[in-house]
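Asks: Residue numbers (this note's numbering), protein chains in the order written: chain A, 5 to 118; chain B, 383 to 1096. For every residue, glycine included, the Cβ atom is placed at its ideal position computed from N, Cα and C.
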Amino acid sequence: MNFQMDASGQSGTITIDQPLTIENVSDMKAIFLDAYEKTNHVNIHFQALPDIDLAGLQLFCSAHRTFTEAQKTMDINWANASMFRNKAKKIGLIRHRGCHLEKSESCLWRQENK
Amino acid sequence: MDKQQQAYREEAYELLAELEVSLLELEETPDDDDLIDQVFRAMHTIKGSSAMFGFDAIANFTHEVETVFDIVRSGRMPVTKELVNLALQARDHIKKMLDMPDNHSNENHEIIEKLQALSSNKDALKKTTNKISHESNDIESEIPTDTTPDQEEASEPSITVTYRIRFNPHPKLLIYGTNPFQLIKEIQELGDTTIVAQTNKIPNLSEIIPENCYIHWDIILTTNHTVETIRDVFIFIEDECDLTVEIIDEDGEIEYGADYKKLGQILIERKDIESNLLKETLVKQKRLGEILVENHVTDQGHVESALAEQNHIRTVREKRKQDTSTGSIRVDAAKLDTLVDLVGELVTVQASLSQKAMTSEDTEIIGIAEQVERLTADLRDNTMSIRMLPISTTFSTFKRLIRDLSDELGKEVIMHTEGGKTELDKKVIERLNDPMVHIIRNCIDHGIESPDVRKKAGKPGSGTISLVAIHSGANVLIKISDDGAGINPESIRSIALKKGIITPEVELSETETYNLLFAPGFSTAKTVSDISGRGVGMDVVKRSIEALRGTIEIESEIGVGTTMTLKLPLTLAIIDGLLVEIGKEYYVLPLSAVEECVELTEADRNRSKGRNIAWVREDIIPYVPLRDIFQIQKPKPLIEQVVIVEIDGAMIGFVVDNIIGEHQTVIKSLGRVYRGAKEFSGATILADGSVALILDVHRLSLLAESLERKTVES
């Protein structure tokens, strides 16, 4: 799990390759904050996501919202994110409209954005 | 075999079909608990009913497979391709055992041993990643799940109630080791649920304590369990959350119809907004939910939740309405066929009655005949609709075929379907299976390239086969497309020349060239494979489709792909026909094929100088004089009629004496004596009791073509 600035220096990538559960959400928060400090655009790449729990999902929501509020962008590569999608669906996070903060309709949990 | 055993077999076959679909979907989304549950339930039901009806071998075999899926269900074993492969093999073996006339079939120990080895393999078992899992997780997985659905249902109250559950955990819930996923899962197991997680309390990154719980839930649950049972789910955390459980709908409220409370009513009832604020807001013209959010009366999450509740209750009430008004029974297909035949007879008798009534000039009899006509039409439409089945029933079987064949050939193929709800007569669907299997085999074998070749061509490694069904008037179009290499018309032409199917001087359009693929013995495959390419097939496919009174067309582009379009009638029992007369004999042409009718006068014949061609708005249309084909000696009228039909994209005319008009044609098969008369696809009885033959326009055109050729040669 790490954050790296891309060669262009304009954006960065957070690579996730381990479970995002309550045991390591603090580490993940630090990575998100680091990315937030250093770049206006971050890509999330799931190299592997063996598991994600509620703490992990709500941290993602918080990070996405924080980026959006600051006019920054956070893009998720959904290619290896079936675990993320399924868990979000199971817990009732997937919805038709995003929260009131999501003026750009880019909410992480919008059905169309999956 | 007694009726109960027959019913058991039918149900088991249906469950096995569902099981196959679930397993194939599970392969694509291995984390989907709903699919894992579906697979487990199918196995469980097959096991239970097999034991009940004395099919012990099937019950024992299925029990072993079910046991493995119980381990998967408990989260202790992941879904892998190997597991899906073995489960599919097990499903095939159960089907084989069911196919046996007796129930003393052998168990396949090899599959069971492999499954057991897989489930006992420590490496395959999931390591628990969440160390702070809810205590009841482990307890649940150890509880034997051998209670039958009947036993489970026995303890439930029969009234179905819909509850609104508002579950608001305290921040430390996760730290204390509670797993909300498990709680939600337990609630879901109680009935139909709509779950909306509220995210409005999640703070920004700088403020969030990631181990705290900020999400709260609104859950709408329709169940026949009591409030106590629902509260029991939360019993271990009742001090760590705020929980309300309210009844919002129950059986007996059907008099209100499917409609449910308005959004504003729900929000006021939940105390999410005040009624005076709602009234003020309603003055504006936007959608209520948008207005409320814009005015910060409530947030989007609460609106979403209220809308979810509204939708849930509407669905529950619709379902309840349907359950009380319809229900379903299982009927033997042969009985349905008899019913359709009888309705066909009735349509004929009714036509006869209407004709007699019109000639009687008795207004009372005419009135009764009109009533009978209306009722017969309704009865006919209703009866035909009973035999209609969605095409998805056949589409789903091809998923397995595509999976297995692509594996065998080392190709990657994704199946895409559209229009699965399109309905066709049961008989058409049954007889469509073999031709479609052949076409799909060809797509995978000859069409879709191997992943390496595709990547070199700039295509994604996985090929796609699309099955699309759409209505087109009285027909259904089924398009089978692949994004493979396409068909090279030059190769087709050179093979056709080599095989003597065409001569070098023949010039063919692209469509005509593709149609050569349907010539008997034609094959473009350079090697013969087990999958296709034996040079038999496409001609058989075409004949099978034509036997269904359908057509097949090919479109292709090199490097882009191929589409085969099957045009099929909705039903085989009754068609709209065009009744015509030749020398006092009656014939019927399928109305769906008819483009237009034009007159043929002596002057027209002179203009074409002895050739069988008609001039229609500057177009030259060849025609077949049916009088000559059928060797009718009676004198022809001065003005004949040409019925123009479309065959394989070309227009061709059939010359008849008179056109009587449209006719509801109840198709009767021809007797053995007339089996050789391929130009007739059946017969029908007219209102006066006489018989009219139904013309097979395609075969008639071929016959006319061959007669013409013989004349030219001689």
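Three-state secondary structure (DSSP) at residue 392 of chain B?
Replies: Translated into positions along the second sequence, residue 392 of chain B becomes position 10. Residue state, collapsed to three classes: helix.
Asks: Under 7 Å, Cβ to Cβ, is there at least one residue of chain B near residue 33 of chain A?
Replies: Residue mapping note: residue 33 of chain A aligns to position 29 of the first sequence, counting from 1. For residue 33 of chain A, the answer is yes, since a Cβ of chain B falls inside 7 Å of its Cβ.
Asks: Do you know how far the Cα of residue 471 of chain B is from the Cα of residue 478 of chain B?
Replies: By one-based count along the second sequence, residue 478 of chain B stands at place 96. By one-based count along the second sequence, residue 471 of chain B stands at place 89. If I take the Cα positions, the gap works out to 10 Å.
Asks: What beta strand (DSSP E) runs, 3 residues minimum, are completely inside the segment 1024-1084 of chain B?
Replies: If we require 3 residues or more, the beta strand (DSSP E) runs fully inside the segment 1024-1084 of chain B come out as 1032-1038, 1040-1048, 1062-1067, 1073-1077.
Asks: Return the first residue and the last residue of the beta strand (DSSP E) that residue 7 of chain A is part of.
Replies: What you label residue 7 of chain A is simply residue 3 of the first sequence in a count that begins at 1. Start and end: 6-9.
Asks: Is it the case that the Cβ atoms of residue 862 of chain B and residue 895 of chain B are separated by a distance below 7 Å?
Replies: For the purposes of this step, residue 862 of chain B is identified with residue 480 of the second sequence, where counting begins at 1. For the purposes of this step, residue 895 of chain B is identified with residue 513 of the second sequence, where counting begins at 1. Result no, Cβ atoms of residue 862 of chain B and residue 895 of chain B do not sit closer than 7 Å.
Asks: Can you give me the start and stop residues for the alpha helix (DSSP H) that residue 64 of chain A sits inside?
Replies: The residue given as residue 64 of chain A occupies position 60 in the first sequence. 58-73 is the extent of the alpha helix (DSSP H) around residue 64 of chain A.
Asks: Check whether the Cβ of residue 581 of chain B lies closer than 7 Å to any Cβ atom in chain A.
Replies: Numbered from 1 along the second sequence, position 199 holds the residue referred to as residue 581 of chain B. At least one chain A Cβ lies under 7 Å of residue 581 of chain B.
Asks: For residue 965 of chain B versus residue 1014 of chain B, is the C-beta spacing smaller than 7 Å?
Replies: Residue numbering aside, residue 965 of chain B sits at position 583 when the second sequence is read from its first letter. Residue numbering aside, residue 1014 of chain B sits at position 632 when the second sequence is read from its first letter. A contact, by the Cβ cut-off of 7 Å.
Asks: Got a sec, what are the start and stop residues for the alpha helix (DSSP H) residue 77 of chain A sits in?
Replies: Here residue 77 of chain A refers to the residue found at position 73 of the first sequence. Here residue 77 of chain A belongs to no alpha helix (DSSP H); instead the beta strand (DSSP E) covers 77-81.
Asks: Could you say which of B/421, B/465, B/415 lies nearest to residue 90 of chain A if we only look at CA atoms?
Replies: Numbered from its first residue, the first sequence carries residue 90 of chain A at position 86. Checking every option, the nearest Cα to that of residue 90 of chain A belongs to B/415.
Asks: Could you give the residue range of the beta strand (DSSP E) that holds residue 588 of chain B?
Replies: Reading the second sequence from its first residue, position 206 is the one you call residue 588 of chain B. From DSSP, residue 588 of chain B is part of no beta strand (DSSP E); its letter is neither H nor E.
Asks: Under 9 Å between beta-carbons, which chain A residues line up against residue 595 of chain B? List them in chain order, please.
Replies: Here residue 595 of chain B corresponds to residue number 213 of the second sequence, with the count starting at 1. Within 9 Å Cβ-Cβ: 58, 59, 62.
Asks: Within its chain, find whatever has a CB closer than 6 Å to the CB of residue 600 of chain B; leave out the 5 residues flanking it on each side and keep chain order.
Replies: Mapped onto the second sequence, residue 600 of chain B falls at position 218. Once the five neighbours on either side are set aside, the close Cβ partners of residue 600 of chain B are 548, 578, 687.
Asks: Could you say which of B/931, B/662, B/849 lies nearest to residue 949 of chain B if we only look at CA atoms?
Replies: Reading the second sequence from its first residue, position 567 is the one you call residue 949 of chain B. Cα-wise, what sits closest to residue 949 of chain B is B/931.
Asks: Would DSSP call residue 514 of chain B helix, strand or coil?
Replies: Stepping through the second sequence from its first residue, residue 514 of chain B is reached at position 132. Because residue 514 of chain B carries a pLDDT of 29, less than 50, the predicted location of this residue cannot be relied on, and no value is offered for it.
Asks: What residues match up with residue 356 of chain B in a beta bridge as DSSP calls it?
Replies: A question about residue 356 of chain B goes unanswered here, because the residues of chain B that appear run from 383 up to 1096.
Asks: Counting beta carbon pairs with one atom in the segment 38-51 of chain A and one in the segment 567-576 of chain B, are three or more of them shorter than 8 Å?
Replies: No, they do not touch.
Asks: Compare the C-beta of residue 672 of chain B against all C-beta atoms of chain A and say whether one is closer than 7 Å.
Replies: On the second sequence, residue 672 of chain B is found 290 positions in, with the first residue counted as 1. No - not a single Cβ of chain A is within 7 Å of the one on residue 672 of chain B.
Asks: Hey, quick one: how far does the alpha helix (DSSP H) through residue 95 of chain A stretch, first residue to last?
Replies: Locating residue 95 of chain A in the first sequence gives position 91, where the first residue counts as 1. Residue 95 of chain A -> no alpha helix (DSSP H), and no H or E assigned at all.
Asks: Taking all protein chains shown into account, do 16 or more other C-beta atoms lie within 10 angstroms of the C-beta of residue 119 of chain A, making it buried, or fewer, making it exposed?
Replies: As displayed, chain A neither begins before 5 nor continues past 118, which places residue 119 of chain A out of reach and without an answer.
Asks: If residue 982 of chain B sits next to residue 971 of chain B, beta carbons under 8 Å apart, how far is it from one beta carbon to the other, in whole angstroms?
Replies: Your numbering for residue 982 of chain B matches position 600 in the second sequence. Your numbering for residue 971 of chain B matches position 589 in the second sequence. The Cβ separation is near 16 Å, so there is no contact.
Asks: Residues of chain A with CB under 8 Å from residue 957 of chain B, in chain order?
Replies: Taking the second sequence and counting its residues from 1, the one referred to as residue 957 of chain B is at position 575. Here the premise fails: no neighbours, minimum Cβ distance about 44 Å.
Asks: Can you tell me whether residue 1113 of chain B is buried or exposed, with buried defined as 16 or more other CB within 10 angstroms of its CB?
Replies: Nothing can be reported for residue 1113 of chain B: it is not among the residues displayed for chain B, which extend from 383 to 1096.
Asks: Using beta-carbon positions only, say whether residue 623 of chain B and residue 678 of chain B come within less than 7 Å of one another.
Replies: For the purposes of this step, residue 623 of chain B is taken as residue 241 along the second sequence, with counting starting at 1. For the purposes of this step, residue 678 of chain B is taken as residue 296 along the second sequence, with counting starting at 1. Cβ atoms of residue 623 of chain B and residue 678 of chain B: not closer than 7 Å.
Asks: I need the boundaries of the alpha helix (DSSP H) containing residue 559 of chain B, first residue and last residue.
Replies: Position 177 of the second sequence holds residue 559 of chain B. Here residue 559 of chain B belongs to no alpha helix (DSSP H), and DSSP marks it neither H nor E.
Asks: Do the segment 939-949 of chain B and the segment 1055-1063 of chain B make contact, defined as three or more Cβ pairs closer than 8 Å?
Replies: In short, these stretches do not touch, since the Cβ pair count stays below three.
Asks: Considering only C-alpha positions, which residue in the set B/929, B/480, B/439 is nearest to residue 392 of chain B?
Replies: Counting from one through the second sequence, the residue named residue 392 of chain B turns up at place 10. Looking at the Cα atoms, B/480 is the closest of the given residues.
Asks: Just the C-alpha distance for residue 19 of chain A and residue 76 of chain A, rounded to the nearest angstrom, thanks.
Replies: Locating residue 19 of chain A in the first sequence gives position 15, where the first residue counts as 1. Locating residue 76 of chain A in the first sequence gives position 72, where the first residue counts as 1. C-alpha separation (whole angstroms): 18 Å.
Asks: Confirm, please, whether the CB-CB distance from residue 455 of chain B to residue 401 of chain B is below 7 Å.
Replies: Numbered from 1 along the second sequence, position 19 holds the residue referred to as residue 401 of chain B. Numbered from 1 along the second sequence, position 73 holds the residue referred to as residue 455 of chain B. No, they are not a contact pair.
Asks: How many angstroms separate the CA atom of residue 1039 of chain B from the CA atom of residue 829 of chain B?
Replies: On the second sequence, position 657 is the one that residue 1039 of chain B refers to. On the second sequence, position 447 is the one that residue 829 of chain B refers to. Cα-Cα distance, rounded: 48 Å.
Asks: Return the chain-ordered ranges of every beta strand (DSSP E) run that is complete within the segment 832-919 of chain B and spans a minimum of 3 residues.
Replies: If we require 3 residues or more, the beta strand (DSSP E) runs fully inside the segment 832-919 of chain B come out as 845-854, 857-864.
Asks: Could you pull out every residue in the same chain whose Cβ sits closer than 8 Å to the Cβ of residue 1091 of chain B, ignoring the five residues on either side in sequence?
Replies: Residue 1091 of chain B sits at position 709 when you count from the first residue of the second sequence. Excluding positions up to five away in sequence, the list is empty.
Asks: Rounded to the nearest angstrom, what separates residue 952 of chain B and residue 556 of chain B at their Cα positions?
Replies: In the second sequence, the residue the question calls residue 952 of chain B occupies position 570. In the second sequence, the residue the question calls residue 556 of chain B occupies position 174. C-alpha separation (whole angstroms): 58 Å.
Asks: State the CB to CB distance for the pair residue 447 of chain B and residue 409 of chain B, rounded to an integer number of angstroms; the pair is presumed to be in contact (CB under 8 Å).
Replies: If you number the second sequence from 1, residue 447 of chain B lands on position 65. If you number the second sequence from 1, residue 409 of chain B lands on position 27. Contact flag wrong, Cβ pair sits at about 16 Å.
Asks: Check whether the Cβ of residue 78 of chain A lies closer than 7 Å to any Cβ atom in chain B.
Replies: The residue labelled residue 78 of chain A in the question sits at position 74 within the first sequence. Judged by the 7 Å Cβ criterion, residue 78 of chain A is not in contact with chain B.
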